[in-house]
Structures are given as structure tokens and as C-alpha cells.
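In this note's numbering, the protein residues as written are 3 to 409.
In this text, a Cβ means the ideal position worked out from N, Cα and C, and glycines have one as well.
So the structure is just underneath, and the comments pick up after that.
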């Protein structure tokens, strides 16, 4: 078909001029509140189809596909973009000369079929372009989020640059923040699915400002405001990790999960510090064999103190508890009795109940400990040394893991 040099099909009636089509496009754009520029050359394609029965070439559909990508990039939803194209189509149809002036029903039918074919083609590639751009935007956002989270949690990035990068995510690094970690405890928990569910839960409950949810090293990382932020107020006695556990149960996320939250600290380095607390709490809970699903970092402070000086705790365990290995069967039975006794608040009857033995057995074992080690639970200073050594043994996983050789 012959074309004019201006890109308008030759033979197009004056009624189908570009000015008229521009008016139709502006009317449709105003009706659906979308930019008229997203129509591109779509209306001339419809007019050409109605007048000449021509279907668009592949390069013309590619241009419409790019308009779909542009719509997504501008934040125009796919539904609104489609509404724009449909609204423009029926407005154009009502004013086409072939419809308004023709008395030939067959001619009108053929024009309608041609327009509908172009409409179907155009909407299809428009949506395809929109979806492609949205997928790329999501991938880019996820990549930027992952990089930002890595730098934020590492704590060694340029602070001014980090503050600038935090702004698009709604994070004010001048305020205190908690970092909570959610880790699967078995093979049935899907981390990505849990991250999506928890992000919805956090946003629904606290809004989309000052919160950030991502995945890192097989765990869900959740950054939330602390320091008594009113938007993140929790019921009395409930902390961040407990609130998140409630959301996991409420939303029936498959699998068993362990949660820990660090204390709230201000500043960019405060986020990294809170993350380290939460991570250390999870690591210690796994090493110490805790069965609880929610780990409170404050409850592990004593283990963190002990772990700061590995050499000193090894010496303490060796000097105080190593003599227990002299008994038949090794140190584990007497060590277990000491753990139960201290966990029971130093009440022998409660320790006996937990160990499923008699009270006499417990008192005999404690006396045997005193005989072997020279430390008695009846003496306050010796009891403290014993309890600290028992905590250290748990941290070192002794006697299952041998102590390092003496230098």
C-alpha cells in the first residue's frame, strides 16, 4: 500500500486526520487518567484498519510493545493501560466516517472485524511489553535490595552513600532499628515464600515505611523500627520475634521456623550491630541444642560473654569439669545432672523429676561431682564456678567435642 511521507496512509480521508485522532486520544487519556503519549501510533493503526482493512506490520506491533514497557516504567498499571487502548478504540469507532456515513452494513462489518483484529493484536503486545518490563523492574529492585541489605548488614559501607541508598526503601538510618532473622528448622520451610508472607504481614500491620524484608544466606531478614516507634508499637510483653512468629502461625506458613531479633540500635552501624546479635542468637541456639522456636538475644548474653574469651573458657572447663571423665561411662551423666540441677533453680526434687530419677540419685551424683572436682554446689563461690563451667561446656559442646590440646 502506498504511504505518504508523513507516515499517514495515503487515501486517508480528511476526517481521519492526525488532529482528529489526537483529539480522540486526549479524550480517552483524560477518561482513564493515563498519559496520551502511551497511545503512540495505535490510533492511526486502527483508522488504517477500518478504512483500508490493513493489519499492522511486525515493527508497528513492536512499537506498541515498547509503549507497554514505557507504561510499566512510568508506574501505569497494565489494567489502566488496557483501559486506555479500549477507551480510545470505541471513541475512534464512533467517529469513523466509514461507520458514521456508510449505509452499507457489509462494509461496516468488515471495518469492525479489521478494527477488532488490530485491537486484539495491539492489546496483546501492549500487555506483553508491560509484563516484561515489570519482571525486569522486579529483578532490578531485588538486585538493588540484595546489594543494599548486604552492605547494610555488613556495616562497613560508606555511611553517607548508605543513607542515600536507604531512602528509596523508606529506611531512615538516623533512627533505631531492630533486625529479626527467621530461619528454617527443617527441610519443609520455603524461605522465599516465608519472606513474601512476612513482608505482607509487616506492611499490613505497620505500614510500608521504616521496614525492609529480604533474604540472605538462607534466612529471612526483617528490619523494623525500634526505640518505641509508635507505628511499631507491640503488645506489652511481646517482642519483634514473637510478633513475627504469630504471623507465621496465623498465615499457616509450612515448616518449622526459629526466630531471633537483635536489640534496637541507632544509625547505620546500629542495624549491623542488631543483625550480629540476632545471628549470634540463632547460632548459639543451634549449637546449644535449644528446642524453642523464639530465641531472645538477652537470654544468651552470658554465653556471648563466655564466648568472647575462648581460651579462658577452655581452661575453666578443663580445670573444673575434666575430672568427671574419670567415672565409668564418661562425664556426660554427671554433667547432665549438674545442668538439670542448675536449670531447676538448684532444687534437687525438681532436677530429679526432670531426669526421671530419685532425689537420692541426684544428691549422690552431686556429692560425686564434689568428690572428683573439689567443687561443691553447697558452697556459693564453688557453685558459681561449677555453673559457669557447665555453661562453658555447653558452649564448647564438651564432652562430645574434645577440648583443644594444651599449648
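Cβ neighbours of residue 73 within its own chain (closer than 7 Å, five residues either side excluded): 40, 83 and 132.
From the listed residues 281, 286, 252 and 399, the smallest Cα separation to residue 319 is found for 399.
For residue 185, the enclosing beta strand (DSSP E) stretches over residues 179–186. Closest in alpha carbon position to residue 136, among 364, 78 and 152, is 78. DSSP places residue 23 in the helix class (H, G or I) of the three-state scheme. Distances from the alpha-carbon of residue 25 to those of 57, 61, 369 and 91 put 91 closest.
Straight through space, the alpha carbons of residue 376 and residue 326 are spaced by roughly 11 Å.
By the C-beta density criterion, residue 255 is buried, having at least 16 other C-beta atoms within 10 angstroms. Between the stretch 116–128 and the stretch 149–164 there are fewer than three inter-stretch CB-CB distances shorter than 8 Å, so the stretches are not counted as touching.
When only Cα atoms are considered, residue 342 and residue 357 end up about 7 Å apart.
Cβ neighbours of residue 38 within its own chain (closer than 7 Å, five residues either side excluded): 27, 28 and 31. Beta-bridge pairing by DSSP links residue 344 to no other residue.
Assigned with DSSP and collapsed to three states, residue 358 falls in coil, not helix or strand. Contact between residue 204 and residue 226 holds, with the beta-carbon distance rounding to 7 Å and staying under 8 Å.
Shown here, residue 137 sits in a helix according to DSSP, grouped into three states. Beyond the five residues adjoining it in sequence on each side, residue 406 comes within less than 8 Å, by CB distance, of 316 in the same chain, given in chain order. Beta-carbon to beta-carbon, residue 157 and residue 268 are separated by about 13 Å, too far to satisfy the 8 Å threshold. Straight-line measurement puts the Cα of residue 195 at about 11 Å from the Cα of residue 253. Annotation: the continuous alpha helix (DSSP H) that includes residue 323 extends over 312–323. Contact check between the stretch 267–282 and the stretch 181–189: three or more CB pairs, one atom from each, fall below 8 Å, which counts as touching. In this structure, the beta-carbon distance from residue 388 to residue 308 does not fall below 8 Å. Taking 8 Å as the cut-off, the Cβ atoms of residue 188 and residue 142 do not count as close.
Cβ contact annotation for residue 306 (same chain, cutoff 8 Å, sequence separation greater than five): 282 and 286, in chain order.
The beta-bridge partner set that DSSP reports for residue 173 is empty. Residue environment: residue 294 is assigned as exposed (fewer than 16 neighbouring CB atoms within 10 Å of its CB, all protein chains considered). Contact between residue 350 and residue 364 holds: CB atoms are separated by about 5 Å, below the 8 Å threshold.
With respect to the 8 Å criterion, residue 116 and residue 52 are classified as neighbours on the basis of their beta carbons. Residue environment: residue 221 is assigned as buried (16 or more neighbouring CB atoms within 10 Å of its CB, all protein chains considered).
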